[in-house]
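Novice: Here the sequence shown is numbered in the working numbering, starting from 7 and rising by one per residue.
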Amino acid sequence: MASAPACTVILGTGGTIAGRAAAPREALRYAAAQIGVAELVAAVPALAGVELEAEQVAQVDSKDMGPPVWTALVQAVVRHLARAEVSGLVVTHGTDTLEETALLLHRLLAPAKPVVLTAAMRPATSLQADGPANLCDAVTVARTPGARGVVAVMAGTVFRPEGLRKHHTWKLDAFAAGDEGALGQVVDGQLRQHRAWPDARPLGAHLLPPAGAPWPRVEIVTSHAGADGRLVDLLCADGVDGIVLAGTGNGTLSQGLEQAEQRAQQAGVAVWRASRCAAGGIVGLEPGGLASAGSAAALSPAQARVALTLTLLEQRARVP
Ligand code: SIN
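1. The ligand SIN heavy atoms versus the CB of alanine 38: any closer than 7 Å?
2. In the structure shown, what three-state DSSP assignment does leucine 237 receive?
3. What does the Cβ neighbour count give for glycine 294, buried or exposed, with the cut at 16 atoms within 10 Å?
4. Take threonine 163 and list the residues in its own chain whose beta-carbon comes closer than 6 Å to its own, dropping the five residues that flank it on each side.
5. On a CA-only basis, which of Gly195, Gly262, Val277 and Met160 is nearest glutamate 225? Give me that one, please.
6. Is lysine 177 a contact residue of the ligand SIN, with contact defined as CB to any heavy atom under 7 Å?
7. Please state the DSSP three-state secondary structure of glycine 262.
8. Got a sec, what are the start and stop residues for the alpha helix (DSSP H) leucine 178 sits in?
9. Would you kindly work out how many angstroms separate the C-alpha atoms of alanine 323 and leucine 214, rounded to a whole number?
10. What is the rounded straight-line gap between the Cα of proline 208 and the Cα of valine 97?
11. Rounded to whole angstroms, how far is the Cβ of alanine 130 from the Cβ of leucine 241, which I believe are closer than 8 Å?
12. So what does DSSP say about proline 138, is it helix, strand or coil?
13. So is the beta-carbon of threonine 101 under 7 Å away from any non-hydrogen atom of the ligand SIN?
14. Taking DSSP as the reference, what is the three-state secondary structure of alanine 51?
15. Taking Cβ positions, are glycine 20 and glutamine 65 nearer each other than 8 Å?
16. Tell me which residue opens and which closes the beta strand (DSSP E) that alanine 280 is part of.
17. Just to confirm my understanding: we take threonine 317, look at its own chain, exclude 5 residues before and 5 after, and list those with CB closer than 6 Å. What are they?
18. Pick out the complete alpha helix (DSSP H) segments inside the segment 207–254, 4 residues or longer, and give them in chain order.
19. Inspect the CB distances between the segment 27–43 and the segment 104–113 and report whether three or more fall short of 8 Å.
20. Around the C-beta of glutamine 261, are 16 or more other C-beta atoms found within 10 angstroms, so that it is buried, or is it exposed?
21. Helix, strand or coil: which one does DSSP assign to serine 68?
22. For valine 122, report the span of its beta strand (DSSP E) as first-last.
23. When burial is assigned at 16 or more other CB atoms within 10 Å of the CB, is leucine 123 buried or exposed?
24. From the DSSP secondary-structure annotation, give me the bridge partner or partners of leucine 133.
25. Would proline 151 be called buried (16 or more neighbouring beta carbons within 10 Å of its own) or exposed?
26. So what's alanine 44 in DSSP terms, helix, strand or just coil?
27. Determine whether the beta carbon atoms of leucine 180 and threonine 101 lie at a separation below 8 Å.
28. By Cβ distance below 7 Å, which residues in the same chain neighbour glutamine 309 in space, the five residues on each side in sequence not counted?
29. Isoleucine 41 and alanine 126: beta carbons closer than 8 Å?
30. Check the C-beta distance from leucine 251 over to arginine 279 and give it rounded, since I have them as a contact under 8 Å.
31. For aspartate 143, name the three-state secondary structure that DSSP assigns.
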């Protein structure tokens, strides 16, 4: 009888988890993306004896994440998921745009095997380094029987991708799940699961443009006191393909921004609204009102931007 697949592949992309500071007490001043993923894995004694492979896909501070690294990452994830001997993947990432990459992978692939993103809020050289424990927890989740889909693991909590947000600038427990709550916790090396694995209709990796080809250009504009909408007009004049408007409260916009939104839509620019509030999404849309702008549910503006980009790529794929 064939044995169950047992190999976990760890894909490194950089971030603070791979960061180095000048001294062990330096927790916040450091350079991200310095240490290779194989070295990170080798430095965790608890992972000795676990069947692992490490591959460096990129080495970036995730503030600079974007189409080139996303394309390479999606290709690597697809390649390893197709291997029968691989039961799941872990992706080490920076915290700053982790929620965007998680949503991108989830919407594109919705894989039957687990793809677990993890990160750290302290560099690997810090006395408070949280990377080793996060990496161990991520491997635990990736090797949990029945695990599937794209999730993220930080500070012992397992998050589903939709609605995930980095909500704190320096605490180790820096992520929030939104109103739907976390999938579970890793306690004592075991997953305690409270909610279902994430599911979606995968759009497919074929949707991504070939390496080097342009992605739709989608920008985020925030509504605020005195927002007059000129930024939206400038973006339209500059040929933007889509705009996410990060509205106040339940997705409302200043009058100036609302008028600019209408001009943008008339000019053929795709406009979605999200909320600049940290939780709750946009609820109770009036027919012909906010809904006409397209709702981005409980997605943060950054996640809504990823979702709109994918929608525009789907539209592009339908044009013969
Ligand atoms: C990054 O996002 O790459 C830097 C910050 C972090 O990982 O916490």
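The C-beta atom is built at its ideal place from N, Cα and C for all residues, glycine as well.
Specialist: So, from the listed chains and residues:
1. The residue you call residue 38 lines up with position 32 of the sequence shown. The answer is yes for alanine 38.
2. What you label residue 237 is simply residue 231 of the sequence shown in a count that begins at 1. Correct three-state label for leucine 237: helix.
3. On the sequence shown, residue 294 is found 288 positions in, with the first residue counted as 1. At glycine 294 the pLDDT is 47, less than 50, meaning the model places this residue with poor confidence; the figure from the coordinates comes in the next sentence. Classification of glycine 294: exposed, given that the 10 Å Cβ count is below 16.
4. Sequence index remark: in the sequence shown, residue 163 carries index 157 (1-based). The residues are Ala188 and Gln191.
5. As a working note, residue 225 is residue 219 in the sequence shown. The shortest Cα separation from glutamate 225 among Gly195, Gly262, Val277 and Met160 belongs to Val277.
6. Here residue 177 refers to the residue found at position 171 of the sequence shown. Lysine 177: no, Cβ never under 7 Å from the ligand SIN.
7. Numbered from its first residue, the sequence shown carries residue 262 at position 256. Reduced to three states, the DSSP call for glycine 262 is helix.
8. For the purposes of this step, residue 178 is taken as residue 172 along the sequence shown, with counting starting at 1. Unbroken run through leucine 178: none, as it is neither H nor E.
9. The residue you call residue 323 lines up with position 317 of the sequence shown. The residue you call residue 214 lines up with position 208 of the sequence shown. When rounded, the distance between both Cα atoms is 9 Å.
10. Residue numbering aside, residue 208 sits at position 202 when the sequence shown is read from its first letter. Residue numbering aside, residue 97 sits at position 91 when the sequence shown is read from its first letter. Roughly 19 Å separates the two Cα atoms.
11. Numbered from its first residue, the sequence shown carries residue 130 at position 124. Numbered from its first residue, the sequence shown carries residue 241 at position 235. At roughly 39 Å, the Cβ-Cβ gap does not stay under 8 Å, so alanine 130 and leucine 241 are not in contact.
12. Residue mapping note: residue 138 aligns to position 132 of the sequence shown, counting from 1. It is helical.
13. For the purposes of this step, residue 101 is taken as residue 95 along the sequence shown, with counting starting at 1. Flag set: Cβ of threonine 101 near the ligand SIN.
14. Taking the first residue of the sequence shown as 1, we reach residue 51 at position 45. In the sequence under discussion, the amino acid at residue 51 is proline, which differs from the alanine named in the question. In the structure shown, proline 51 sits in a helix (DSSP, three-state: H, G or I).
15. As a working mapping, residue 20 is identified with position 14 in the sequence shown. As a working mapping, residue 65 is identified with position 59 in the sequence shown. Cβ distance < 8 Å, so glycine 20 and glutamine 65 count as in contact.
16. Stepping through the sequence shown from its first residue, residue 280 is reached at position 274. 276–281 is the span of the beta strand (DSSP E), which, as asked, contains alanine 280.
17. Position 311 of the sequence shown, counted from the start, is the residue given in the question as residue 317. Counting only Cβ-Cβ distances below 6 Å, and skipping sequence neighbours, we find nothing.
18. 236–243
19. no
20. For the purposes of this step, residue 261 is taken as residue 255 along the sequence shown, with counting starting at 1. Result: exposed.
21. Walking along the sequence shown from the start, residue 68 turns up at place 62. Reduced to three states, the DSSP call for serine 68 is helix.
22. Start at 1 with the first residue of the sequence shown, and residue 122 comes out as number 116. Taken as a continuous stretch (DSSP letters only), the beta strand (DSSP E) holding valine 122 covers 120–124.
23. Residue 123 sits at position 117 when you count from the first residue of the sequence shown. When all chains shown are included, leucine 123 counts as buried.
24. Your numbering for residue 133 matches position 127 in the sequence shown. Beta-bridge pairing links leucine 133 to no other residue.
25. Start at 1 with the first residue of the sequence shown, and residue 151 comes out as number 145. Proline 151 should be labelled exposed.
26. Stepping through the sequence shown from its first residue, residue 44 is reached at position 38. Helix.
27. Stepping through the sequence shown from its first residue, residue 180 is reached at position 174. Stepping through the sequence shown from its first residue, residue 101 is reached at position 95. Checking the displayed sequence, the identity of residue 180 turns out to be alanine instead of leucine. Yes, the Cβ-Cβ distance between alanine 180 and threonine 101 is below 8 Å.
28. If you number the sequence shown from 1, residue 309 lands on position 303. Hits under 7 Å: Glu105, Glu106 and Leu109.
29. The residue given as residue 41 occupies position 35 in the sequence shown. The residue given as residue 126 occupies position 120 in the sequence shown. Their beta carbons are not under 8 Å apart, which means isoleucine 41 does not touch alanine 126 by this criterion.
30. Here residue 251 refers to the residue found at position 245 when the sequence shown is read from its first residue. Here residue 279 refers to the residue found at position 273 when the sequence shown is read from its first residue. The Cβ separation is near 5 Å, so the contact holds.
31. Working through the sequence shown from its first residue, we reach residue 143 at position 137. Helix.
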